[in-house]
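Below is one structure, written out as structure tokens; the observations come after it.
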Amino acid sequence: MVPLAVQWWASYYPGAEPGGGGYIAQRMFSAKDEANALGATLLFNVAHYALRPWPWILIALSSLVIYPELSDIQKAFPDLPPKN
1 MVPLAVQWWA
11 SYYPGAEPGG
21 GGYIAQRMFS
31 AKDEANALGA
41 TLLFNVAHYA
51 LRPWPWILIA
61 LSSLVIYPEL
71 SDIQKAFPDL
81 PPKN
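For the sequence shown, position 5 (counting from the first letter as 1) is numbered 5 according to our numbering, and the numbering increases by one without interruption.
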């Protein structure tokens with residue numbers, strides 16, 4: 001059951017359908033003209049794929065600075081089970 005759920009979660013997301021999905025088409029159809037539709041689509045893609053992951057990247061980099069080795073995590077959290 002878990003592999004199927006992970007496969008669904010990893011492969012399906014809104015906009016992954018052919019043609020961009022309903023919400024992207026709705027955004028484009030609601031624009032005043034073709035230039036505004038193109039601008040809105042480009043802005044969405046930049047914000048979604050370039051700006052959105054930066055908090056995750058910053059957290060990952062800061063965790064590498066705080067805990068450079070796996071043994072440092074074990075020292076900081078002694079109640080964690082040891083690595084097998």
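All C-beta atoms in this analysis are idealised placements derived from N, C-alpha and C, irrespective of residue type, glycine included.
### Task
Using three-state DSSP, classify P55 as helix, strand or coil.
helix
#### Entry: Reduced DSSP category for A47 - H, G, I as helix; E, B as strand; rest coil
helix
### Query
What is the residue span of the alpha helix (DSSP H) that K75 lies within?
Run containing K75: L70 to A76, per the alpha helix (DSSP H) assignment.
### Message
Quick test of your reading: A25 and A31, contact by CB under 8 Å. State the CB separation rounded to the nearest angstrom.
### Response
With 8 Å as the limit, A25 and A31 do not qualify as a contact, their Cβ atoms being about 11 Å apart.
### Message
If you measure between the beta carbons of Y47 and R27, is that distance less than 7 Å?
### Response
The residue you asked about is not Tyr; residue 47 is Ala in the sequence shown. Not a contact, by the Cβ cut-off of 7 Å.
### Task
For the alpha helix (DSSP H) containing Y23, list its first residue and its last residue.
G22 to F29
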